[in-house]
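Each remark here refers to the structure printed beneath this line.
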Amino acid sequence: MNHFALTIVGRDRPGIVSQVTEILFKQGCNLADSSCSILGGQFAMILILGHPEFTDRASFGDAFKPLEDADLTVALRVLKPGGEIRSHIEGDLCMISVYGADKPGIVYRVANVLGEKKVNITDLNTKLVGTEDRPVYVMVIEATLPEGVEEEDVDNWLSPIRDELQVDITVRTIPTVEL
Amino acid sequence: MAVRTIRVYPDPILKQVAEPVDQVDDDLVEIVQDLVDTMLDAGHSVGIAAPQIGVLQRVMVVDVSKSKLGRDNNHGLLEMVNPEIIERSGSKMMREGCMSVPDYTGNVTRAEHIVIEFTNRNGQLRVIEASGFEAVAIQHELDHLDGLLFLDRVSSLKTDLYRRKSK
C-alpha cells in the first residue's frame with residue numbers, strides 16, 4: 002500500500018466533501034487520518050490516504066479534474082514508506098490559550114518560545130473574532146512537553162509575551178488517567 | 730471469586746444498557762467480588778463496571794485511593810449497586826483511557842463535583858459527595874452501565890483522541 006497526503010482548498014459550499022470522497026472511493030483509495038475545516042470563507046481538507054497500486058501523481062490520471070473545474074485547488078504529496086505512521090510522542094499533554102487585541106506576531110512569538118524549548122506543537126488553531134473596529138485574536142495550541150518540563154515552566158517562559166503584546170495566556174496540562 | 734476477562738470493544742455488550750439489580754443475593758455478592766478481584770488484578774485500574782466483565786447489571790466498583798491523583802481525596806473502595814447521580818456541578822477535563830478501549834486515550838469533560846446514591850453488596854443505601862479524580866472515575870464507570878464509552882464523550886477527534894503509548 003502506497004500513501005499520499007492530499008490537500009484541497011476552495012470557497013466553502015455544501016457538497017465539497019461528498020464530491021471529493023466520491024472520487025477517492027471510486028479510485029479505490031483508503032482514507033486514514035483526515036482533518037477538514039472551514040477557515041475564513043474557505044473549506045480546507047487534508048487527508049492521508051492509501052492505495053494498493055497507485056505509486057505517484059500520474060497514477061491518479063485526471064481523477065481530480067472535476068474538482069479543479071469546480072474551482073478547488075488540489076495538491077498531492079507522495080509519501081515515502083512509513084510516512085503515514087504517526088510516531089509516538091512522549092510527554093504530558095498541554096493546552097495553551099492565547100488571546101487579545103489583534104496585532105502582528107502573536108503566533109510567531111509564542112511558537113518561537115515553544116520551539117526553542119523543544120515543546121512539540123501537535124495542534125494549533127487560530128481565529129479572528131470580535132468586531133471590525135476591535136478585532137480579537139484567539140489561538141489554542143495543543144502541545145506535548147519534553148520530560149521534566151512542568152506547566153509552570155511554560156507559563157514562565159511565555160510571561161514576557163503577556164506584557165509585551167498585551168495578550169492573555171493560560172497554560173494547563175491535562176492529566177492522563179487509566180480507568 | 731475470580732478474576733474475569735475484560736471485554737474489549739467492539740464486543741457488543743459494551744454498548745448495551747445494564748439492568749437494575751432488584752435483589753440482594755449471593756449472585757450479587759459474587760459479581761461485586763469478581764469486579765474487585767478483576768480491578769485489582771488489572772493493577773493500574775481504579776474502577777470497573779459489570780458490563781466490562783460481561784455482566785449486564787448496574788454494578789460497579791471504584792477505588793482511587795491507590796492512585797497519585799486520587800490519594801488525598803477519596804472514599805476508599807466503593808462498591809456501587811444501582812448508582813445514580815443526584816447532583817452534579819463544575820467541570821473538569823481529563824485525558825481518559827479505558828481497559829475496554831485499549832491503545833487510545835481521549836479528552837473528556839465531566840462534572841467536577843457529584844453527589845451519588847447507591848447501595849452496597851449488602852443492600853445498604855449510601856449517599857456520598859465525590860470530587861476531582863474520584864468523581865471523574867465514578868462518572869466514567871457509570872457510563873459503562875448506560876452503554877457509553879469515553880469515545881461517546883469526545884468532542885473533537887483532532888484534538889481529543891490519542892494513541893496511547895505502547896506498554
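Protein sequence lines, in the order shown, are assigned to chains Z and L.
First residue of the first sequence: 2, per our numbering; consecutive thereafter.
First residue of the second sequence: 730, per our numbering; consecutive thereafter.
Heads up, the beta-carbon is just placed ideally off N, CA and C, and yes, glycines get one too.
CB contact flag (residue i, residue j, <9 angstroms)
i, j, result
"valine 150(Z)", "leucine 125(Z)", "no"
"phenylalanine 5(Z)", "glycine 51(Z)", "yes"
"valine 139(Z)", "valine 99(Z)", "yes"
"leucine 743(L)", "valine 750(L)", "no"
"isoleucine 49(Z)", "leucine 77(Z)", "no"
"valine 876(L)", "glycine 799(L)", "A quick correction: the sequence has glycine, not valine, at residue 876(L). Not in contact: glycine 876(L) and glycine 799(L) (Cβ atoms no closer than 9 angstroms)."
"isoleucine 162(Z)", "valine 130(Z)", "no"
"leucine 785(L)", "serine 794(L)", "no"
"valine 178(Z)", "aspartate 156(Z)", "no"
"histidine 873(L)", "alanine 747(L)", "yes"
"leucine 94(Z)", "glutamine 20(Z)", "no"
"asparagine 121(Z)", "proline 53(Z)", "no"
Residue i - containing alpha helix (DSSP H), residue span
i, result
"glycine 116(Z)", "107-117"
"aspartate 63(Z)", "No alpha helix (DSSP H) contains aspartate 63(Z), which DSSP labels as neither H nor E."
"arginine 87(Z)", "Counting along the chain, arginine 87(Z) falls outside any alpha helix (DSSP H), and DSSP gives it neither H nor E."
"valine 7(Z)", "The displayed chain sequence assigns leucine, not valine, to residue 7(Z). No alpha helix (DSSP H) holds leucine 7(Z); the beta strand (DSSP E) holding it covers 3-12."
"aspartate 756(L)", "755-770"
Min CB distance residue i to chain B below 9 angstroms
i, result
"valine 178(Z)", "Looking at the structure shown, chain B is missing, and the protein chains on hand are Z and L."
Buried or exposed (CB count within 10 angstroms, at least 16 for buried), residue i
i, result
"serine 774(L)", "buried"
"arginine 135(Z)", "exposed"
"asparagine 803(L)", "buried"
"valine 18(Z)", "exposed"
"isoleucine 175(Z)", "buried"
"valine 837(L)", "buried"
"threonine 834(L)", "buried"
"alanine 779(L)", "buried"
"proline 812(L)", "buried"
"serine 895(L)", "The predicted position of serine 895(L) is uncertain, since its pLDDT is 45 and thus under 50; a value taken from the coordinates is nonetheless stated next. Counting Cβ neighbours within 10 Å, serine 895(L) comes out exposed, since fewer than 16 surround it."
"serine 88(Z)", "exposed"
"serine 38(Z)", "exposed"
"serine 160(Z)", "exposed"
"glutamate 825(L)", "buried"
"glutamate 870(L)", "buried"
Rounded Cβ spacing between residue i and residue j (contact assumed at less than 8 angstroms)
i, j, result
"glutamine 762(L)", "methionine 809(L)", "Not quite, the Cβ-Cβ distance comes to about 14 angstroms (not below 8 angstroms), so this is no contact."
"valine 791(L)", "glutamate 863(L)", "7 angstroms"
"tryptophan 158(Z)", "lysine 104(Z)", "That pair is no contact at about 20 angstroms."
"serine 796(L)", "isoleucine 735(L)", "Not really, about 18 angstroms apart at Cβ, beyond 8 angstroms."
Limits of the unbroken beta strand (DSSP E) element including residue i
i, result
"arginine 855(L)", "854-860"
"glutamine 43(Z)", "43-52"
"proline 831(L)", "830-839"
"leucine 807(L)", "807-818"
"glutamate 846(L)", "842-848"
"arginine 163(Z)", "Run containing arginine 163(Z): none in the beta strand (DSSP E); it sits in the alpha helix (DSSP H), 152-166."
**Asked** With contact counted as at least three CB pairs below 8 angstroms, one residue from each stretch, are the segment 837-854 of chain L and the segment 809-818 of chain L in contact?
**Response** yes
**Message:** Taking contact to mean 3 or more Cβ pairs, one atom from each stretch, closer than 8 angstroms, check whether the segment 145-159 of chain Z and the segment 736-754 of chain L are in contact.
**Reply:** no
**Prompt:** Counting pairs of Cβ atoms below 8 angstroms between the segment 39-47 of chain Z and the segment 55-69 of chain Z, do you hit three or more?
**Reply:** no
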